[in-house]
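Visitor: Once you know that position 137 of the sequence shown is 240 in our numbering, the rest is easy, because the numbers rise by one and skip nothing.
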Amino acid sequence: MDFSTIKKTVGIFVLSMVAVSGFAQDIIARQAPSDKRLKDIRNVKLNNTAAISADLNNPAANIYTDWTDNLRGCTGSVPDNYKIDLRGFCMPTPSRKLNSPFGPRWGRQHEGLDIKVYIGDTIRAAFDGKVRICKYNGSGYGYYIVIRHPNGLETLYGHLSKQIVKKDQVVRAGEPIGLGGNTGKSTGSHLHFETRVLGQPINPALIFDFEHQDVTGDYFIVQNGISKGNVARSANSINANSEGGNRTAARK
Ligand SMILES: [Zn+2]
Numbered sequence: 104m105d106f107s108t109i110k111k112t113v114g115i116f117v118l119s120m121v122a123v124s125g126f127a128q129d130i131i132a133r134q135a136p137s138d139k140r141l142k143d144i145r146n147v148k149l150n151n152t153a154a155i156s157a158d159l160n161n162p163a164a165n166i167y168t169d170w171t172d173n174l175r176g177c178t179g180s181v182p183d184n185y186k187i188d189l190r191g192f193c194m195p196t197p198s199r200k201l202n203s204p205f206g207p208r209w210g211r212q213h214e215g216l217d218i219k220v221y222i223g224d225t226i227r228a229a230f231d232g233k234v235r236i237c238k239y240n241g242s243g244y245g246y247y248i249v250i251r252h253p254n255g256l257e258t259l260y261g262h263l264s265k266q267i268v269k270k271d272q273v274v275r276a277g278e279p280i281g282l283g284g285n286t287g288k289s290t291g292s293h294l295h296f297e298t299r300v301l302g303q304p305i306n307p308a309l310i311f312d313f314e315h316q317d318v319t320g321d322y323f324i325v326q327n328g329i330s331k332g333n334v335a336r337s338a339n340s341i342n343a344n345s346e347g348g349n350r351t352a353a354r355k
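So, in structure tokens, the structure goes:
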């Protein structure tokens with residue numbers, strides 16, 4: 104069977120930079136023919152034998168001017184029409200079940216997607232990159248990891264039961280970085296997954312389609328500008344089930 108499809112531009116994402124005065128971005132997600140899936144995890148082994156490029160030692164130095172362990176406090180700037188290359192991605196988990204979408208929740212902003220995983224499930228790096236943060240936050244993310252990628256994105260993986268990488272470690276797309284868990288402010292085992300640019304959250308559903316285990320296109324384009332209203336646009340297409348469940352039982 105041939106599942107190849109010609110994808111088209113699907114929407115415009117607007118990032119409201121409320122927390123960073125005077126700074127805002129529009130983000131347009133474009134979809135294009137996708138033939139970029141990292142189909143075989145064994146490729147990771149091959150990649151690991153390659154020399155570490157300067158781009159991985161200092162990822163996305165074209166837009167970031169800092170390297171700290173402060174999640175939001177990134178410095179730098181994004182050029183207009185900045186194209187984030189999504190090819191070479193790997194889904195962080197094979198789970199297709201979303202527990203909670205990006206957007207307002209319980210009176211505050213839920214800055215990521217909650218994806219059902221079980222304690223001990225392998226969580227993988229979404230792209231090549233370098234671990235910027237590897238911390239524990241008992242009242243929030245629990246054990247969490249932030250990776251900065253050469254394409255300009257940062258990805259965050261929260262509520263892990265175990266971190267198996269260290270800060271400043273270079274990782275490859277698909278490389279195991281942690282195990283699924285229920286640490287921090289979490290009511291059931293799941294992966295809290297965020298995508299950010301310059302510390303500002305972007306709805307991961309605009310970039311990653313967990314249901315179909317794919318990215319939404321070959322590229323994701325960031326544009327300057329201010330506009331509101333589309334932040335959770337893609338959340339419309341995902342199943343906004345409640346956080347409920349609370350199951351931490353081992354998978355049968
Ligand atoms: Zn969450």
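Backbone N, C-alpha and C define an ideal beta-carbon position, used for all residues, glycine too. Note that the structure is predicted; figures quoted are calculated from it, not measured.
Three or more C-beta pairs under 8 Å: does that hold for the stretch 195-209 against the stretch 160-177?
Guide: No: fewer than three Cβ pairs fall under 8 Å.
Visitor: Assign S330 to one of three DSSP states: helix, strand, or coil.
Guide: Low local confidence applies: a pLDDT of 26 at S330 is under 50, so the model's placement there is unreliable, with the coordinate-based value given in what follows. S330: coil per DSSP, three-state reduction.
Visitor: Mapping the DSSP letters down to three states, classify A164 as helix, strand or coil.
Guide: In this structure, A164 counts as coil in the three-state DSSP scheme.
Visitor: With a threshold of 16 other CB atoms inside 10 Å of the CB of S264, please say whether the residue is buried or exposed.
Guide: S264 is buried by the Cβ-count criterion.
Visitor: Quick check: does the Cβ of G215 come within less than 7 Å of any heavy atom belonging to ligand 1?
Guide: Yes, ligand 1 has a heavy atom inside 7 Å of this Cβ.
Visitor: Can you give, in chain order, each stretch of the beta strand (DSSP E) that sits fully within the stretch 219-304 and has at least 3 residues?
Guide: The stretch 219-304 contains these whole beta strand (DSSP E) runs: 225-227, 232-240, 245-251, 257-263, 279-282 and 293-300.
Visitor: Considering only heavy atoms of ligand 1, does any lie closer than 7 Å to the CB of S264?
Guide: No, ligand 1 has no heavy atom inside 7 Å of this Cβ.
Visitor: Considering only C-alpha positions, which residue in the set K219, D183 and L159 is nearest to I324?
Guide: Comparing Cα positions, the closest option is D183.
Visitor: In its own chain, which residues sit with a C-beta less than 6 Å from the C-beta of K186, not counting the 5 before and 5 after it?
Guide: Answer for K186: Y322 and I324, listed in chain order.
Visitor: Kindly give me the distance between the Cβ atoms of G283 and I222, rounded to whole angstroms, as I take these residues to be in contact under 8 Å.
Guide: Going by Cβ atoms, the distance from G283 to I222 rounds to 6 Å, so yes, they are a contact pair.
Visitor: With H, G and I counted as helix, E and B as strand and the rest as coil, what does DSSP make of D356?
Guide: Look at the range of the chain in this structure, 104 to 355, and you will see that residue 356 is not part of it.
Visitor: Mapping the DSSP letters down to three states, classify L159 as helix, strand or coil.
Guide: L159: helix per DSSP, three-state reduction.
Visitor: Can you grab the Cα-Cα spacing for the pair K111 / L159, in whole Å?
Guide: Residue confidence is low: K111 scores 35 on pLDDT, short of 50, so the model does not pin down where it sits. Its coordinate-derived value is still stated next. Spanning the two alpha carbons is a distance of roughly 30 Å.
Visitor: With a cut-off of 8 Å on the beta carbons, I'd call V220 and L294 a contact; round off their distance for me.
Guide: With a Cβ gap of about 5 Å, V220 and L294 count as contacting.
Visitor: What does the alpha-carbon distance come out to for the pair P304 and T225?
Guide: If I take the Cα positions, the gap works out to 24 Å.
Visitor: On a CA-only basis, which of D271, G261, I280 and F230 is nearest G291? Give me that one, please.
Guide: Selected option, being the one with the closest Cα: G261.
Visitor: What is the DSSP secondary structure of L309, counted as helix, strand or coil?
Guide: L309: helix per DSSP, three-state reduction.
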